[in-house]
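Just so you know, the sequence shown maps onto residues 41 to 311 in our numbering. Notes follow once the structure below has been shown.
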Amino acid sequence: MGTFIANNVPQNHPPQPLTAQQIIHQRQRRYWDTRVYEEIRLGNWSRTDVDTQIDLQGWLPYLDQLPRDPYVETRWKRMSWFYLDQSGEPRVLAGCPMAQAGAFNDAETMADKIRHYAPLEEPFIQRDDVTAFIKGWADLWDIQPGEPILMQINGVRGDKLTDPLQGQGIHKDGSKFLSVLVINRENVRGATSSLSFDKQGQHEIISADLAPGEILHIRDDQIYHSVGSLQPQDESQPFERFIIIINCRFNDQFQNRVLREHFPGAVLNEW
41 MGTFIANNVP
51 QNHPPQPLTA
61 QQIIHQRQRR
71 YWDTRVYEEI
81 RLGNWSRTDV
91 DTQIDLQGWL
101 PYLDQLPRDP
111 YVETRWKRMS
121 WFYLDQSGEP
131 RVLAGCPMAQ
141 AGAFNDAETM
151 ADKIRHYAPL
161 EEPFIQRDDV
171 TAFIKGWADL
181 WDIQPGEPIL
191 MQINGVRGDK
201 LTDPLQGQGI
211 HKDGSKFLSV
221 LVINRENVRG
231 ATSSLSFDKQ
241 GQHEIISADL
251 APGEILHIRD
261 DQIYHSVGSL
271 QPQDESQPFE
281 RFIIIINCRF
291 NDQFQNRVLR
301 EHFPGAVLNE
311 W
(Lines of atoms letter the chains of each structure in order from A and count residues from 1; the text may use other names and numbers.)
(Lines give C-alpha, C1' and ligand atoms only; values in the text may rest on other atoms or scores of the structure.)
Protein backbone atom coordinates (compact mmCIF):
# COMPACT_ATOMS: atom_id res chain seq x y z
CA MET A 1 0.00 0.00 0.00
CA GLY A 2 1.32 3.43 -0.85
CA THR A 3 0.61 5.15 2.46
CA PHE A 4 -0.58 8.73 2.36
CA ILE A 5 -0.20 10.65 5.61
CA ALA A 6 -2.78 13.38 5.95
CA ASN A 7 -2.53 16.44 8.11
CA ASN A 8 -6.18 17.05 7.40
CA VAL A 9 -8.98 14.86 6.13
CA PRO A 10 -10.44 15.99 2.80
CA GLN A 11 -14.03 17.06 2.83
CA ASN A 12 -16.23 14.05 2.22
CA HIS A 13 -17.96 13.66 -1.12
CA PRO A 14 -20.56 10.88 -1.39
CA PRO A 15 -19.11 7.98 -3.39
CA GLN A 16 -20.72 7.05 -6.68
CA PRO A 17 -23.30 4.24 -6.33
CA LEU A 18 -22.00 0.79 -7.26
CA THR A 19 -23.37 -0.90 -10.31
CA ALA A 20 -25.12 -4.27 -9.95
CA GLN A 21 -22.05 -5.97 -11.45
CA GLN A 22 -19.76 -4.23 -8.94
CA ILE A 23 -21.97 -5.29 -6.05
CA ILE A 24 -21.90 -8.92 -7.19
CA HIS A 25 -18.11 -8.79 -7.58
CA GLN A 26 -17.72 -7.20 -4.13
CA ARG A 27 -19.82 -9.89 -2.47
CA GLN A 28 -17.84 -12.62 -4.21
CA ARG A 29 -14.59 -11.36 -2.74
CA ARG A 30 -15.75 -10.38 0.75
CA TYR A 31 -13.17 -10.83 3.47
CA TRP A 32 -15.46 -12.51 6.01
CA ASP A 33 -17.71 -15.56 5.77
CA THR A 34 -21.39 -14.86 5.21
CA ARG A 35 -21.97 -16.36 8.66
CA VAL A 36 -20.14 -13.43 10.29
CA TYR A 37 -22.38 -10.81 8.68
CA GLU A 38 -25.47 -12.78 9.66
CA GLU A 39 -24.38 -13.27 13.28
CA ILE A 40 -23.72 -9.57 13.67
CA ARG A 41 -27.07 -8.71 12.09
CA LEU A 42 -28.97 -11.04 14.40
CA GLY A 43 -26.96 -10.89 17.62
CA ASN A 44 -24.62 -7.87 17.40
CA TRP A 45 -21.44 -9.97 17.68
CA SER A 46 -19.48 -12.75 16.02
CA ARG A 47 -16.44 -14.92 16.79
CA THR A 48 -14.31 -16.10 13.89
CA ASP A 49 -10.67 -16.39 12.82
CA VAL A 50 -8.37 -14.81 10.26
CA ASP A 51 -5.76 -17.57 10.01
CA THR A 52 -6.15 -17.85 6.24
CA GLN A 53 -6.30 -14.08 5.70
CA ILE A 54 -3.22 -12.82 7.50
CA ASP A 55 0.31 -14.04 8.14
CA LEU A 56 0.40 -14.03 11.93
CA GLN A 57 4.02 -15.11 11.99
CA GLY A 58 4.86 -12.10 9.85
CA TRP A 59 3.17 -9.81 12.39
CA LEU A 60 4.99 -11.15 15.44
CA PRO A 61 8.32 -9.31 14.91
CA TYR A 62 6.49 -5.98 15.30
CA LEU A 63 5.64 -6.90 18.88
CA ASP A 64 9.33 -6.72 19.77
CA GLN A 65 9.41 -3.04 18.78
CA LEU A 66 6.43 -1.92 20.87
CA PRO A 67 7.19 0.83 23.40
CA ARG A 68 5.80 0.72 26.91
CA ASP A 69 2.40 2.31 27.43
CA PRO A 70 3.10 5.56 29.33
CA TYR A 71 -0.31 5.42 31.04
CA VAL A 72 -0.76 1.75 31.94
CA GLU A 73 1.75 -0.32 33.90
CA THR A 74 2.95 -3.60 32.32
CA ARG A 75 1.36 -2.77 28.93
CA TRP A 76 3.07 -2.12 25.57
CA LYS A 77 1.27 -0.23 22.82
CA ARG A 78 1.23 1.52 19.44
CA MET A 79 -1.77 3.05 17.67
CA SER A 80 -2.63 4.88 14.46
CA TRP A 81 -5.70 6.52 12.97
CA PHE A 82 -6.80 5.67 9.42
CA TYR A 83 -9.58 6.62 7.05
CA LEU A 84 -10.69 5.29 3.66
CA ASP A 85 -10.23 7.54 0.66
CA GLN A 86 -12.84 7.79 -2.09
CA SER A 87 -11.42 4.70 -3.80
CA GLY A 88 -11.69 2.67 -0.59
CA GLU A 89 -7.96 2.58 0.19
CA PRO A 90 -6.74 3.11 3.79
CA ARG A 91 -4.89 6.33 4.47
CA VAL A 92 -3.05 7.33 7.64
CA LEU A 93 -4.19 10.25 9.79
CA ALA A 94 -1.02 11.37 11.50
CA GLY A 95 -0.71 12.92 14.93
CA CYS A 96 -4.12 12.52 16.51
CA PRO A 97 -4.17 11.27 20.12
CA MET A 98 -6.62 8.87 21.74
CA ALA A 99 -9.23 10.06 24.25
CA GLN A 100 -11.85 8.25 26.31
CA ALA A 101 -14.36 9.93 28.59
CA GLY A 102 -14.95 8.59 32.07
CA ALA A 103 -18.35 7.34 30.92
CA PHE A 104 -16.51 4.71 28.84
CA ASN A 105 -13.41 4.06 30.94
CA ASP A 106 -13.35 3.56 34.70
CA ALA A 107 -9.55 3.42 35.01
CA GLU A 108 -8.11 6.55 36.66
CA THR A 109 -4.93 6.30 34.57
CA MET A 110 -6.89 6.58 31.31
CA ALA A 111 -10.29 8.23 31.84
CA ASP A 112 -10.80 11.81 30.64
CA LYS A 113 -7.21 12.06 29.45
CA ILE A 114 -5.80 12.89 26.03
CA ARG A 115 -3.31 10.08 25.45
CA HIS A 116 -0.45 10.13 22.96
CA TYR A 117 1.15 6.91 21.71
CA ALA A 118 3.81 5.95 19.21
CA PRO A 119 2.28 5.21 15.78
CA LEU A 120 2.15 1.82 14.13
CA GLU A 121 5.36 1.18 12.22
CA GLU A 122 5.37 2.06 8.53
CA PRO A 123 6.58 -1.40 7.36
CA PHE A 124 3.69 -2.95 9.29
CA ILE A 125 1.12 -0.56 7.83
CA GLN A 126 2.37 -1.23 4.31
CA ARG A 127 2.01 -5.00 4.54
CA ASP A 128 -0.55 -6.30 2.04
CA ASP A 129 -2.30 -8.42 4.66
CA VAL A 130 -2.61 -5.41 7.00
CA THR A 131 -4.12 -3.29 4.22
CA ALA A 132 -6.51 -6.11 3.33
CA PHE A 133 -7.47 -6.55 6.99
CA ILE A 134 -8.36 -2.86 7.40
CA LYS A 135 -10.37 -2.86 4.16
CA GLY A 136 -12.13 -6.09 5.09
CA TRP A 137 -12.96 -4.75 8.52
CA ALA A 138 -14.34 -1.52 7.04
CA ASP A 139 -16.50 -3.56 4.65
CA LEU A 140 -17.92 -5.57 7.56
CA TRP A 141 -19.27 -2.42 9.21
CA ASP A 142 -19.96 -0.44 6.03
CA ILE A 143 -17.47 2.27 7.00
CA GLN A 144 -17.64 5.26 4.66
CA PRO A 145 -14.80 7.40 3.23
CA GLY A 146 -13.48 9.93 5.73
CA GLU A 147 -14.59 8.09 8.88
CA PRO A 148 -11.69 7.82 11.37
CA ILE A 149 -10.67 4.23 12.19
CA LEU A 150 -8.51 3.61 15.27
CA MET A 151 -6.18 0.60 15.12
CA GLN A 152 -4.03 -0.42 18.08
CA ILE A 153 -1.53 -3.12 18.90
CA ASN A 154 -1.31 -3.59 22.64
CA GLY A 155 -0.68 -6.26 25.19
CA VAL A 156 1.02 -7.35 28.37
CA ARG A 157 4.18 -9.16 29.38
CA GLY A 158 5.11 -10.31 32.85
CA ASP A 159 5.68 -13.05 35.36
CA LYS A 160 2.90 -12.53 37.93
CA LEU A 161 -0.87 -12.08 38.12
CA THR A 162 -1.78 -9.10 35.91
CA ASP A 163 -4.99 -7.27 35.06
CA PRO A 164 -4.55 -6.35 31.37
CA LEU A 165 -7.29 -3.72 31.67
CA GLN A 166 -5.73 -2.03 34.72
CA GLY A 167 -9.07 -1.48 36.42
CA GLN A 168 -11.17 -0.74 33.35
CA GLY A 169 -13.32 -3.81 34.00
CA ILE A 170 -16.45 -4.61 32.00
CA HIS A 171 -16.85 -1.72 29.58
CA LYS A 172 -17.64 -0.27 26.19
CA ASP A 173 -15.00 1.59 24.19
CA GLY A 174 -17.21 4.50 23.15
CA SER A 175 -17.69 3.49 19.51
CA LYS A 176 -20.35 1.73 17.48
CA PHE A 177 -18.08 -0.93 15.95
CA LEU A 178 -15.22 -2.79 17.62
CA SER A 179 -13.13 -5.90 16.95
CA VAL A 180 -10.44 -7.59 19.04
CA LEU A 181 -7.93 -9.92 17.36
CA VAL A 182 -5.50 -12.03 19.40
CA ILE A 183 -2.02 -12.00 17.84
CA ASN A 184 -0.16 -14.18 20.32
CA ARG A 185 -0.72 -15.99 23.60
CA GLU A 186 2.41 -17.48 25.17
CA ASN A 187 2.57 -19.23 28.56
CA VAL A 188 -0.75 -17.67 29.54
CA ARG A 189 -3.28 -18.93 32.06
CA GLY A 190 -6.43 -16.82 32.17
CA ALA A 191 -7.06 -13.76 29.95
CA THR A 192 -10.59 -15.03 29.36
CA SER A 193 -12.55 -12.77 27.02
CA SER A 194 -16.20 -12.18 27.83
CA LEU A 195 -19.19 -10.38 26.35
CA SER A 196 -22.30 -9.39 28.26
CA PHE A 197 -25.46 -7.36 27.88
CA ASP A 198 -24.83 -5.41 31.10
CA LYS A 199 -21.93 -3.69 32.84
CA GLN A 200 -22.27 -5.97 35.86
CA GLY A 201 -21.74 -9.07 33.71
CA GLN A 202 -24.85 -10.79 35.04
CA HIS A 203 -26.22 -11.43 31.53
CA GLU A 204 -23.16 -13.01 29.95
CA ILE A 205 -23.15 -13.86 26.26
CA ILE A 206 -19.84 -15.66 25.89
CA SER A 207 -16.74 -16.44 27.95
CA ALA A 208 -13.77 -17.91 26.09
CA ASP A 209 -9.98 -18.01 25.88
CA LEU A 210 -9.27 -16.72 22.37
CA ALA A 211 -6.40 -18.37 20.49
CA PRO A 212 -4.02 -16.45 18.20
CA GLY A 213 -5.84 -15.66 14.97
CA GLU A 214 -9.29 -15.55 16.61
CA ILE A 215 -11.26 -12.31 16.50
CA LEU A 216 -14.37 -11.01 18.25
CA HIS A 217 -16.53 -8.53 16.32
CA ILE A 218 -18.80 -6.47 18.54
CA ARG A 219 -21.39 -3.73 18.18
CA ASP A 220 -19.75 -1.75 20.93
CA ASP A 221 -22.79 0.46 21.56
CA GLN A 222 -24.93 -2.64 22.23
CA ILE A 223 -22.64 -5.09 24.07
CA TYR A 224 -20.11 -4.84 26.90
CA HIS A 225 -16.77 -6.63 26.80
CA SER A 226 -13.95 -7.50 29.14
CA VAL A 227 -10.91 -9.74 29.62
CA GLY A 228 -9.86 -11.41 32.85
CA SER A 229 -6.55 -11.36 34.68
CA LEU A 230 -3.72 -13.58 33.50
CA GLN A 231 -0.63 -15.21 34.92
CA PRO A 232 2.11 -17.58 33.75
CA GLN A 233 1.09 -21.14 33.11
CA ASP A 234 4.70 -22.13 33.80
CA GLU A 235 5.72 -19.87 36.68
CA SER A 236 9.41 -20.22 35.83
CA GLN A 237 8.84 -18.43 32.51
CA PRO A 238 7.28 -15.04 31.64
CA PHE A 239 3.98 -14.75 29.77
CA GLU A 240 2.98 -12.60 26.81
CA ARG A 241 -0.36 -11.77 25.18
CA PHE A 242 -0.91 -9.17 22.46
CA ILE A 243 -3.99 -8.09 20.54
CA ILE A 244 -5.18 -5.83 17.76
CA ILE A 245 -8.06 -3.51 18.66
CA ILE A 246 -9.81 -1.73 15.82
CA ASN A 247 -12.90 0.47 16.08
CA CYS A 248 -14.82 3.24 14.36
CA ARG A 249 -17.83 5.56 14.48
CA PHE A 250 -17.34 6.96 17.95
CA ASN A 251 -20.19 7.96 20.25
CA ASP A 252 -17.69 9.19 22.82
CA GLN A 253 -18.01 12.92 22.22
CA PHE A 254 -14.73 13.61 24.05
CA GLN A 255 -12.94 11.54 21.39
CA ASN A 256 -14.94 13.20 18.64
CA ARG A 257 -13.95 16.68 19.84
CA VAL A 258 -10.29 15.66 19.71
CA LEU A 259 -10.75 14.19 16.24
CA ARG A 260 -12.50 17.32 14.98
CA GLU A 261 -9.71 19.49 16.36
CA HIS A 262 -7.02 17.51 14.54
CA PHE A 263 -8.97 16.65 11.38
CA PRO A 264 -11.68 19.24 10.65
CA GLY A 265 -12.97 17.38 7.57
CA ALA A 266 -13.43 14.00 9.28
CA VAL A 267 -16.82 12.28 8.98
CA LEU A 268 -17.87 11.83 12.61
CA ASN A 269 -20.76 10.25 14.48
CA GLU A 270 -21.89 13.43 16.23
CA TRP A 271 -25.58 12.81 16.76
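For glycine and all other residues, C-beta sits at the position ideal for the given N, C-alpha and C. Quick caveat, the model's predicted, so the values are computed rather than measured.
Determine contact between the segment 162 to 177 and the segment 222 to 230, defined as no fewer than three beta-carbon pairs at a distance below 8 Å.
no
How many whole angstroms separate the CB atoms of Q271 and G230, which I take to be in contact at a CB cut-off of 8 Å?
Here residue 271 is taken as the residue at index 231 of the sequence shown, counted from 1. Here residue 230 is taken as the residue at index 190 of the sequence shown, counted from 1. Indeed they touch by this definition, with Cβ atoms about 6 Å apart.
Whole-angstrom Cβ separation of F303 and P159, contact assumed at under 8 Å?
Numbered from 1 along the sequence shown, position 263 holds the residue referred to as residue 303. Numbered from 1 along the sequence shown, position 119 holds the residue referred to as residue 159. Their Cβ separation, rounded to whole angstroms, is 15 Å, which puts F303 and P159 out of contact at 8 Å.
In three-state DSSP terms, what is A134?
Here residue 134 refers to the residue found at position 94 of the sequence shown. If DSSP states are grouped into helix, strand and coil, A134 belongs with coil.
Please name the residue, chosen from D168, I154, L96, that lies closest to E129 on a Cα-to-Cα basis.
For the purposes of this step, residue 129 is identified with residue 89 of the sequence shown, where counting begins at 1. The residue with the shortest Cα to Cα distance from E129 is D168.
Can you give me the start and stop residues for the alpha helix (DSSP H) that K175 sits inside?
Here residue 175 corresponds to residue number 135 of the sequence shown, with the count starting at 1. Per DSSP, K175 belongs to the alpha helix (DSSP H) from 168 to 181.
Return the CA-CA distance between N296 and N309, expressed in angstroms with no decimal places.
Here the question's residue 296 lines up with position 256 in the sequence shown. Here the question's residue 309 lines up with position 269 in the sequence shown. Spanning the two alpha carbons is a distance of roughly 8 Å.
By how many angstroms is the C-alpha of P107 removed from the C-alpha of P185?
The sequence position of residue 185 within the sequence shown is 145, counting from 1. The sequence position of residue 107 within the sequence shown is 67, counting from 1. Their Cα atoms are separated by approximately 31 Å.
Limits of the unbroken beta strand (DSSP E) element including Q105:
Indexing the sequence shown from 1 puts residue 105 at position 65. Careful: Q105 lies outside any beta strand (DSSP E) and carries neither H nor E.
Considering only residues of the segment 237 to 287, which uninterrupted beta strand (DSSP E) runs meet the minimum length of 3 residues and lie entirely inside it, listed in chain order?
244 to 248, 254 to 259, 264 to 267, 270 to 272
Does DSSP put F294 in a helix, in a strand, or in coil?
As a working note, residue 294 is residue 254 in the sequence shown. Looking at F294 - three-state DSSP - the assignment turns out to be helix.
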